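Data block below; observations after.
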Amino acid sequence: MGTLALSADERVKDVHLTDEVLSVDLADGRTISVPISWYPRLFDATQSQRDNWEICGAGYGIHWPDIDEDLSTEGLLRGAPAPVKRN
């Protein structure tokens, strides 16, 4: 019995944001969706700021220059929310 090994390609293809969800389409056809509340900078940003994103990190990251936020597909796949800041 053989096994089918799929080739994972975790590079960012597209990004979609609503007031509740961040969804990232990957090059291999998967989509990661997480609550936007996990990322306070994105949650507090205007829609215009959220829409101004760029692919970075050789395709494995997303950068929002207006709010200085960076996320990686690795972190999103792990289900890692932004760290809580302690005052």
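Counting from 7, one number per residue, gives the positions in the sequence shown under the working numbering.
The C-beta atom is built at its ideal place from N, Cα and C for all residues, glycine as well.
Note that the structure is predicted; figures quoted are calculated from it, not measured.
1) Once the 5 residues before and after A14 are set aside, which same chain residues still bring their CB inside 7 Å of it?
2) I'd like to confirm the pairing. Which residues does DSSP put opposite T37 in its beta bridges?
3) If you draw a straight line from the C-alpha of H69 to the C-alpha of E60, how long is it?
4) Could you tell me which residues DSSP puts in a beta bridge with G65?
5) Take L48 as the anchor and find which of G65, T24, G63 has the nearest alpha-carbon.
6) May I have the straight-line CA-CA distance separating Y66 from R17, to the nearest angstrom?
According to the structure shown:
1) Cβ within range, chain order: D34.
2) Paired residues: D31.
3) Rounded to whole angstroms, H69 to E60 spans 5 Å at the Cα level.
4) The partner list for G65 (beta bridge, DSSP) is empty, contrary to what the question assumes.
5) Ranked by how close their Cα comes to the Cα of L48, the residues G65, T24, G63 have T24 in first place.
6) Near 5 Å, if we compare the C-alpha coordinates of R17 and Y66.
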